[in-house]
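A short worksheet on the structure shown next.
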Amino acid sequence: MQPAPEQSPHHAYPDHWEADVVLRDGGTARIRPITTDDAERLVSFYEQVSDESKYYRFFAPYPRLSDRDVHRFTHHDYVDRVGLAVTVGGEFIATVRYDRIDERGRPASAPADQAEVAFLVQDAHQGRGVASALLEHIAAVARERGIRRFAAEVLPANNKMIKVFRDAGYTQQRSFEDGSVHLTLDLEPTAESLAVQRGREQRAEARSVQRLLAPGSVAVIGVGRTPGGVGRTVLRNLLGAGFTGRTYAVNRAFAADRATVDGVPAHRSIGEIEEPVDLAVVAVPADRVPEAVADCGEHGVQGLVVLSAGYAEWGAEGRERQRELVRQARSYGMRIIGPNAFGVINNAETVRLNASLAPEPPAPGRIGLFTQSGAIGIALLSGLYRRGAGLSTFISAGNRADISGNDFLQYWYEDPDTDVALLYLESLGNPRKFTRLARRTAAMKPVVVVKGARHSGSTPPGHAVPISRIPDATVSALMRQAGVIRVDTVTEMVDAGLLLADQPLPAGPRVAILGNSESLGLLTYDACLAEGLRPRPPLDLTTAATPQDFRNALAEALADDGCDSVVVTAIPWVGEDGEAESGDGEVLAAALHTAAAAGPAKPVAVVHVEIGGLAEALAAATSTVAQPRPPAQPAPAVSPTRTSATTPPDPGPAPTTPVTGAPGPRNGRIPAYPAAERAVRALAEAVRYAQWRRQAAAPGKVPEFLDDTIDEPGTAGLIDTLLGPDPDPRGLQLAPDQARELLGRYGITVRPTLPAPDPEAAVVAAARLGYPVALKTTAPHLRHRADLGGVRLDLANETALRRAYGELTDLLGKPAELQPVVQAMAPRGVDTVVRATIDPAAGAVLSFGLAGAPSELLGDTAHRLVPATDRDAAELIRSIRAAPVLFGWRGAAPVDTASLEELLLRVSRLVDDHPEVVSIALEPVVVATQGLTVLGASVRLSPPPARTDLGPRRLPNY
255 MQPAPEQSPH HAYPDHWEAD VVLRDGGTAR IRPITTDDAE RLVSFYEQVS DESKYYRFFA
315 PYPRLSDRDV HRFTHHDYVD RVGLAVTVGG EFIATVRYDR IDERGRPASA PADQAEVAFL
375 VQDAHQGRGV ASALLEHIAA VARERGIRRF AAEVLPANNK MIKVFRDAGY TQQRSFEDGS
435 VHLTLDLEPT AESLAVQRGR EQRAEARSVQ RLLAPGSVAV IGVGRTPGGV GRTVLRNLLG
495 AGFTGRTYAV NRAFAADRAT VDGVPAHRSI GEIEEPVDLA VVAVPADRVP EAVADCGEHG
555 VQGLVVLSAG YAEWGAEGRE RQRELVRQAR SYGMRIIGPN AFGVINNAET VRLNASLAPE
615 PPAPGRIGLF TQSGAIGIAL LSGLYRRGAG LSTFISAGNR ADISGNDFLQ YWYEDPDTDV
675 ALLYLESLGN PRKFTRLARR TAAMKPVVVV KGARHSGSTP PGHAVPISRI PDATVSALMR
735 QAGVIRVDTV TEMVDAGLLL ADQPLPAGPR VAILGNSESL GLLTYDACLA EGLRPRPPLD
795 LTTAATPQDF RNALAEALAD DGCDSVVVTA IPWVGEDGEA ESGDGEVLAA ALHTAAAAGP
855 AKPVAVVHVE IGGLAEALAA ATSTVAQPRP PAQPAPAVSP TRTSATTPPD PGPAPTTPVT
915 GAPGPRNGRI PAYPAAERAV RALAEAVRYA QWRRQAAAPG KVPEFLDDTI DEPGTAGLID
975 TLLGPDPDPR GLQLAPDQAR ELLGRYGITV RPTLPAPDPE AAVVAAARLG YPVALKTTAP
1035 HLRHRADLGG VRLDLANETA LRRAYGELTD LLGKPAELQP VVQAMAPRGV DTVVRATIDP
1095 AAGAVLSFGL AGAPSELLGD TAHRLVPATD RDAAELIRSI RAAPVLFGWR GAAPVDTASL
1155 EELLLRVSRL VDDHPEVVSI ALEPVVVATQ GLTVLGASVR LSPPPARTDL GPRRLPNY
């Protein structure tokens, strides 16, 4: 809301302080600055606060606010005096205020950097985490206004408020003075305060999802009066699933005397229902949705699933309708799945919720599935249904205007019923948050993602997301850094999900292959090599093999310490009469189940060709509960990649503790695949994920660089000077000397170059630098293009330099066009390139590759998020396909990769410390057998972008 005209003209209303937040119980509320228009709201709010809470606030009986109080508490300058309110339904439920003070506690202005803070929360809303959320936001406001410390006086009996301050994670001091507790909080965020904030965020957002997935009662709004239609279909699915709560049908067109629909109580509005309604499924035309939302909000509904279409997917008018839908729902404290959603399913036995349009309801299982597309959701549900896979939860979020994949990652992180999370995403609303949540969840359970709409300009309508400038391959690399299993198709997602849900994680890349078809075994062997696995020669059981032969061979393979997983290949076997038997898959499945249940905990996958009933029998739960398996011993950590090139040295030993997913084939299920490539690809993803889990158990560290080679304060001052008091929002490209000075403050030495506008200047420059020298052009179209003749190396004397200068200008153009420079020669080595960029979608990204064709033509570049750890730096240089060149390829001497890793970490530290540095390119970086030389550098500065991932908790604005 905007302030009244009489609001102070010196400080405009700070609308960027407005935020929607999720509270501890999963409900939402709005935080915004208090304005002069809030007098009546403030008085009404205060009247609903108990005498005890008023006493805690004012240290004396204070039954009502005077006119002077109301004026004081609603008139702020938004700098030295700030008040924030928490609202639900437009009414205040809590307030906080700070007043800037000097060291004696008297009112003050800047540069005083301390403020007195006080809270008041309506009694009915205490215990919902309101004060904790308010503290985060008022602290962020204070920091923005130059306030570094809060002081608060709290009565000793006010334990709730003392706990709010104590648990915030800020550095604080406490003392007891004049009968009250005096608290001082340092507002600089700490690792503890950030951890507290993110822990509260996780619990609140998980709870908000739980309210949608486990309601005690559901009302379907828009149930047709006759069979058919969306609303009637959802109602039928709710009843068919055996929902354990209460169900209601709502349609304003119902006749007044109509009592039921399909045996369910019928009502014309939510207000007519005498009992509380937890979840409403909205299936009415878009123009009637606001009326339905208001009806729900005014009668205490906790959440909405909006199936209605006609929103952002319909253009500008629909986008505004969608924004208003979110604003309206959140004003009542409700969260939304949708609009244009397909629905939600929760197969927990205590809930049995199917509030969706799914034609084939999935069986209960251990997989959580989130999609942004209804069509893809249908396809995934059908695929999982055909393969006998079960789901714990299913969500199709449609336009995901509010609830997103991030919220469900928060929920699945601690959901005991979900072992694997599958997500089909067409956009990432908050990529930094997604990466953070995915990394944390992946450390507990696998996260498999298919990213649709991967190409620039193809973001689906209605998905309000930042535009990324980095290629999709980079996004994939960053996901893998976070432990996400990124696959290309929904088929691959189902393949990987089945293996991960039903099998333990492999301890290494060693694969045993056995079966009754030599050809199928060889195809499997080749597929393993292509995926970077280490297959053993296939064991051919011949076409005469019986199910008992399969059982014995599988038991022997599982018991072998030389293998980490087993792929069984099967074709119809030849019976006693010489005829192929294809219909007795149940017998083979039983044999494989028996062997798998008795053996060590290793993953088993089956590739079969035309064996009737085998896949179904393998997917079915056995009647015998498998005994706990002894843990498999891990093999040496080897990162499987899609290459057969020489593998460079591993950056460090992996922990020897095995990592397991499911404790064994859950209920005896073994995944079956119709093609060897699909089974092996799923297995390879499990191997890569298991290795990531092992490394995540011992994460790398961000080095401190305790020497004097990093001058963080001096660099900050230099950046401020270069940007100036009024920086250009388009940014500033630094001159070579400026870039060299800036990088030098972080211990990054760039070899100097001297201009050579004519031959004489070139000779003078070479004499100053010392022979041998290099002569090269700096024209943009020739930079770093030795293949075009723009670089001449190893010029040992003046004669060679003059001759090279003449050849250069004769071949390529005049000196004014070429802009030649002279540079001292560096020791011979491998030319590499190091870059760091700030992407609006992904954040700060550190990149590495070999200079020239490998990175520019072939895209052989590796990426990691900033800040990079020592492990990230080691993996970065080893993960490119051309990495063997650095480690002694074809008899060459290995180069100094330790120096290269240090350079990467220094660049990462510079970008992380100074967000104004939005781009760094070091090219080429020549890495020799001892040390390295940075021959070229470019740096771009810009006003720092907003870091929403480090601020107080808030929901995205749409």
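Numbering (the working numbering), first residue to last: 255 to 1212. Where is the CB? At the ideal position from N, CA and C, for every residue including glycine.
| Item | Value |
| --- | --- |
| At least three beta-carbon pairs within less than 8 Å, the stretch 779-799 to the stretch 725-734 | no |
| Burial state of residue 363, where buried means 16 or more other Cβ atoms lie within 10 Å | exposed |
| Runs of alpha helix (DSSP H) wholly within the stretch 1047-1115 (minimum 4 residues, chain order) | 1052-1066, 1069-1072 and 1107-1110 |
| Rounded C-alpha distance that separates residue 665 from residue 1092 | 30 Å |
| Residue 877 versus residue 853 - alpha carbon distance | Model confidence at residue 877 stands at a pLDDT of 32, short of 50, so the residue's coordinates are unreliable and nothing is read from them. |
| Limits of the unbroken alpha helix (DSSP H) element including residue 234 | Coverage of the chain is limited to positions 255 through 1212, which leaves residue 234 absent and any answer about it impossible. |
| Residue nearest to residue 680 in terms of C-alpha spacing, selected from 625, 633 and 636 | 625 |
| Three-state secondary structure (DSSP) of residue 368 | strand |
| Own chain partners of residue 777 with C-beta closer than 6 Å, once the 5 adjacent residues on each side are dropped | 930 |
| Three-state secondary structure assigned by DSSP to residue 737 | coil |
| Beta-carbon contacts of residue 440 that lie in its chain and below 8 Å, excluding the five residues immediately before and after | 402, 403, 424, 425 and 426 |
| Euclidean distance between Cα positions of residue 671 and residue 501 | 24 Å |
| Paired residues, beta bridge with residue 407 - DSSP | 436 |
| Residues near residue 274 in its chain [Cβ-Cβ closer than 6 Å; skip 5 each side] | 282, 284, 584 and 1209 |
| Buried/exposed call for residue 485, threshold 16 Cβ in 10 Å | buried |
| Three CB pairs or more closer than 8 Å across the stretch 1054-1071 and the stretch 1164-1183 | no |
| Exposed unless 16 or more other CB atoms sit within 10 angstroms - verdict on residue 395 | buried |
| For residue 868 and residue 843, the rounded distance between their alpha carbons | 6 Å |
| Bridge-paired residues (DSSP) for residue 352 | 336 and 371 |
| As assigned by DSSP and simplified to three states, the class of residue 905 | At residue 905, the pLDDT of 42 sits below 50, so the modelled position is not reliable and the matter cannot be decided from this model. |
| Whole alpha helix (DSSP H) elements within the stretch 939-1026, 4-residue minimum | 966-977, 990-998 and 1013-1023 |
| Closest by C-alpha distance to residue 507, when choosing among 701, 1115 and 475 | 475 |
| Residue interval of the beta strand (DSSP E) (run including residue 618) | 617-625 |
| Residues that residue 544 bridges to, as DSSP identifies them | According to DSSP, residue 544 bridges with nothing at all. |
| Nearest to residue 1052 (by Cα), restricted to the options 1044, 1017 and 1074 | 1017 |
| Beta-carbon contacts of residue 845 that lie in its chain and below 6 Å, excluding the five residues immediately before and after | 801, 804 and 805 |
| Same chain, Cβ closer than 6 Å to residue 316, five either side skipped, listed in chain order | 308 |
| Three-pair Cβ contact test at 8 Å for the stretch 642-661 versus the stretch 591-609 | yes |
| Under 8 Å between C-beta atoms of residue 963 and residue 1001 | yes |
| Span separating the alpha-carbon of residue 1206 from that of residue 436 | 25 Å |
| With 16 other Cβ atoms within 10 Å as the buried cut-off, status of residue 491 | buried |
| Integer Cβ distance of residue 1175 from residue 1192, believed to fall under 8 Å | 5 Å |
| With 16 other Cβ atoms within 10 Å as the buried cut-off, status of residue 684 | buried |
| Residues bridged to residue 1174 [DSSP beta-bridge criterion] | 1090 and 1193 |
| 7 Å CB neighbourhood of residue 520 in its chain, flanking five on each side removed | 503, 508, 512, 513 and 514 |
| C-beta atoms of residue 851 and residue 925 nearer than 8 Å | no |
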